[in-house]
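Numbering (the working numbering), first residue to last: 81 to 556.
Reading through the C-alpha cells given below for one structure.
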Ligand SMILES: *Cc1c(COP(=O)(O)O)cnc(C)c1O
C-alpha cells in the first residue's frame, strides 16, 4: 500500500507507510491518503464478527491495520497493535463497548482509554508505532505540541516511557479544567515536559509554528508532531467504526448510521474511510457546536474558515475550531481525487477569500447519496437539555461533546439505528454536568486524588525564545 498527497500534481508513485508515519504534512503541503481503499466483503465482515467476539478488539484492529501497512513484518505489527489495545489499559475490557439508550440510540464508548478521551484510541497505536519505527531506524524524535486539553494529555499518556521520544507540551496557563491540568501535570517522566504559556491556545500554537519554521532548529532536534492530520491516527480510528457496527448489528437488523461530535474532521474522516472500504454505514451524521464551519459546508456547499475572534469558547471546547484540518481529505475524495483542484481550493481560494464554494457542483449536490454526510449543530442549551434527558431516562451521564452528537442525531431525521460516538468522559467537564443535572460526575478510580500529586510544569512568558531555551537546555 502506497500513500499519496491530496495536493499531488505529479502522479508519481506514493510512499510506503513507514515513510509517512513520522511526517505530518506531505512535502507539497497536502495530507496523505492511501492510493486506494482496501475493500471488505460481507464474508470478511462475518469472519470479523466472530473474531471480535472471541479474540477481542486488538485482534480485529490487527486485521484492519494490516490492510494498510505492508512494510512492517506481520508478527511485529501484531505485537504493536496488541500493546496499543491491551484491555487492562481501558476501563472496559471490550475497549470500545456499546450501550443502548432507552430511546433506541446507541452509544459507542471511545473514552475508556488511559486519559479518558477518545484521542487515546488513536494515540495509543501511534505511540507504539513511533517507538517501533524509531527503534528500527535508530533515530530519536522531539514532539513539540500545543494543547487546550484532550490531545495533550492523550499524547503524553501514549508517549511516556517510549525510548527515543521527548515531548514538550505547551498549554495556555490556567485555561484548562482543573482535572485536565492535574492529568497532564502529574505525569512523572523526565522525557515529558509541560510548558504553561502565559497566553491563550492560539499563542501556544503560534509558538509551535515559530519553532517549526526554524529549519536549523527543527533538523537539529528532529522535531515532529502528533497532530490530528497524521495518517496513522486516522487509520487507528477506522477500527472502532467496524467494532461498533459489528456489535450493534448483533441486535439491530436495519440500516446503521453514526453521529460524530466533530472539530478537526479527524473522527468522521475515519468513518468516511470505513464506509469507502465497504462497511455498510447508512449516513455519517456530523455534529458541531456553535462553531459550525463544517455544518455550514454540508448545508450550503460553502467552506469558510473563521478568524480567531469569530471562534467561540463553548462548553464542548474540543470542538471549538476555526478551520478543520482533516477536511481536505474528504474534499479530495469528493472531487474524484483531483489534486490540482484541491490545491487551488485549499491554497489559492482560502488565501484569497478565506473560503470556497462548491454549492454549484454536481459533486456537492450528489454527496449525500454518494458519501452519506448529513450535518447539524447544537447550542449550549441543547447540550444541557440532552445531558439532563439522557440522565433522567437512562441514569447515564454523557459529556457535553457526546451531547452535541446525541442532539444532532435526534434532530437528523435519519432512518434506522444511529450510533453516537462518545468522545469524552463527563469527569473532564464537571462544571457543565453540574449545571445540567446538579450532580458531580463520578471519577474513575485511577484518577482519585490526582490534584494532590506534585505538579510538574514550567511557566513561561508568551515568547518562542523562552520555549526554545527549555528545549535547547534539555539535550541535543
Ligand atoms: C478531539 C475531540 C473531538 C473532535 O474530534 P475531531 O477528530 O477533531 O473532529 C470531539 N470530542 C472530543 C472530546 C475531542 O477530544
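Note that CB positions come from ideal geometry on N, CA and C, so glycine has one too.
None of these values were measured; they are calculated from a predicted model.
Suppose contacts are defined by Cβ-Cβ distances below 7 Å. Is residue i in contact with residue j by that definition?
{"i": "residue 132", "j": "residue 326", "result": "yes"}
{"i": "residue 396", "j": "residue 371", "result": "no"}
{"i": "residue 533", "j": "residue 233", "result": "no"}
{"i": "residue 479", "j": "residue 458", "result": "no"}
{"i": "residue 437", "j": "residue 385", "result": "no"}
{"i": "residue 504", "j": "residue 481", "result": "yes"}
{"i": "residue 517", "j": "residue 185", "result": "no"}
{"i": "residue 316", "j": "residue 188", "result": "no"}
{"i": "residue 113", "j": "residue 409", "result": "yes"}
{"i": "residue 562", "j": "residue 96", "result": "Nothing can be reported for residue 562, as the shown portion of the chain is limited to 81 through 556."}
{"i": "residue 579", "j": "residue 129", "result": "Missing from the structure shown is residue 579; the chain here goes from 81 to 556 and no further."}
{"i": "residue 350", "j": "residue 314", "result": "yes"}
{"i": "residue 557", "j": "residue 303", "result": "Residue coverage of the chain in this structure runs from 81 to 556, which leaves residue 557 outside it and unanswerable."}
{"i": "residue 500", "j": "residue 363", "result": "no"}
Give me the DSSP bridge partner(s) of residue i.
{"i": "residue 437", "result": "382"}
{"i": "residue 95", "result": "83"}
{"i": "residue 499", "result": "186 and 338"}
{"i": "residue 504", "result": "197"}
{"i": "residue 388", "result": "The partner list for residue 388 (beta bridge, DSSP) is empty, contrary to what the question assumes."}
{"i": "residue 303", "result": "222"}
{"i": "residue 72", "result": "Past the boundaries of the shown model lies residue 72; the chain is included only from 81 to 556, so the question cannot be answered."}
Is DSSP giving residue i helix, strand or coil here?
{"i": "residue 225", "result": "strand"}
{"i": "residue 274", "result": "strand"}
{"i": "residue 249", "result": "strand"}
{"i": "residue 180", "result": "strand"}
{"i": "residue 474", "result": "helix"}
{"i": "residue 117", "result": "coil"}
{"i": "residue 242", "result": "coil"}
{"i": "residue 371", "result": "coil"}
{"i": "residue 132", "result": "helix"}
{"i": "residue 255", "result": "coil"}
I need the boundaries of the beta strand (DSSP E) containing residue i, first residue and last residue.
{"i": "residue 85", "result": "82-85"}
{"i": "residue 368", "result": "364-368"}
{"i": "residue 112", "result": "112-114"}
{"i": "residue 519", "result": "Looking at the DSSP string, residue 519 is not in any beta strand (DSSP E), and its letter there is neither H nor E."}
{"i": "residue 230", "result": "Segment 230-239 is the alpha helix (DSSP H) holding residue 230; no beta strand (DSSP E) there."}
Which first and last residues belong to the alpha helix (DSSP H) in which residue i is found?
{"i": "residue 457", "result": "Careful: residue 457 lies outside any alpha helix (DSSP H), inside the beta strand (DSSP E) at 453-457."}
{"i": "residue 161", "result": "154-164"}
{"i": "residue 411", "result": "407-414"}
{"i": "residue 88", "result": "That residue, residue 88, is in no alpha helix (DSSP H); it is neither H nor E in DSSP."}
{"i": "residue 288", "result": "281-292"}
{"i": "residue 315", "result": "311-328"}
{"i": "residue 397", "result": "Looking at the DSSP string, residue 397 is not in any alpha helix (DSSP H), and its letter there is neither H nor E."}
Is the stretch 440-452 close to the stretch 153-172, with three or more CB pairs under 8 Å? no
Determine contact between the stretch 280-289 and the stretch 215-232, defined as no fewer than three beta-carbon pairs at a distance below 8 Å. yes
Would you call the stretch 358-369 and the stretch 414-423 touching, i.e. three or more CB-CB distances under 8 Å? no
With three or more beta-carbon pairs closer than 8 Å as the criterion, would you say the stretch 343-352 touches the stretch 168-182? no
Is there contact here, the stretch 423-441 with the stretch 253-263, by at least three beta-carbon pairs under 8 Å? no
Touching or not, the stretch 211-222 and the stretch 98-111, by the rule of three or more beta carbon pairs under 8 Å? yes
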